Amino acid sequence: MAKPKVFVDSSVIIASLLSATGGSAYILNSYHENCEFQTNEHGLAEIQRVLKDKFADQPDLQNQLFLLLGTARIVILLNPTKRERNICAKYISEIDAPILASAIKHSDYLLTLDNEFLGKSVAEIARKNSLTILKPKDFIEQFET
4 MAKPKVFVDS SVIIASLLSA TGGSAYILNS YHENCEFQTN EHGLAEIQRV LKDKFADQPD
64 LQNQLFLLLG TARIVILLNP TKRERNICAK YISEIDAPIL ASAIKHSDYL LTLDNEFLGK
124 SVAEIARKNS LTILKPKDFI EQFET
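The sequence shown begins at 4 in our numbering and counts up by one.
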């Protein structure tokens, strides 16, 4: 059976860097054998920008990021096309459209801590494209029951 493909939003990766005992870190450290984790170039750039802008006093987080990408085996996908981004921008903010577009195209699940992804219109397009959007806590509950 194929491993489920799980797109990991930048919010989840940043949370895992900031708290080694939280749900986000637990998922990335415990499920990498059973899931294929993914993010895209846009998400990676967003993570790096946030680390630089908000956590400049913790330069070790950049090193931890690259260690996490390797140990959790997170695949970095190419960014979606402009057309794909524009379609998703009808349902979510322009800044999050590349995340939604990549997840719809490549993934079974989208893990996020961003409530914008949990809105009704986003949930509708996700469902139509067989994408399940979950917060880390809900993902853990679903996979451990």
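In this text, a Cβ means the ideal position worked out from N, Cα and C, and glycines have one as well. All values reported here derive from a predicted model rather than from experimental measurement.
Other residues of its chain near residue i: CB distance less than 6 Å, five sequence neighbours each side excluded
| i | result |
| --- | --- |
| Asn43 | Leu80, Asn82, Ser105 |
| Phe120 | Ile136 |
DSSP-derived helix/strand/coil call for residue i
| i | result |
| --- | --- |
| Thr74 | helix |
| Glu127 | helix |
| Leu114 | strand |
Contact check, residue i vs residue j, beta carbons under 7 Å
| i | j | result |
| --- | --- | --- |
| Phe58 | Val9 | no |
| Leu20 | Gln51 | no |
| Pro62 | Cys38 | no |
| Asn132 | Ile95 | no |
Segment limits, beta strand (DSSP E) that includes residue i
| i | result |
| --- | --- |
| Glu44 | Careful: Glu44 lies outside any beta strand (DSSP E), inside the alpha helix (DSSP H) at 44–57. |
Counted within 10 angstroms of its Cβ, other Cβ atoms place residue i as buried (16 or more) or exposed
| i | result |
| --- | --- |
| Thr148 | exposed |
| Gly73 | exposed |
Residue range of the alpha helix (DSSP H) that includes residue i
| i | result |
| --- | --- |
| Ile16 | 13–21 |
| Leu103 | 100–109 |
| Ile143 | 139–146 |
| Cys38 | First-last for Cys38: undefined, no H or E at that position. |
Cβ neighbours of residue i in the same chain (closer than 7 Å, five flanking residues each side left out)
| i | result |
| --- | --- |
| Ala2 | This structure cannot settle anything about residue 2, because the visible part of the chain is limited to 4 through 148. |
| Glu97 | none |
| Ser110 | Lys8, Val9, Phe10, Gln41, Leu134 |
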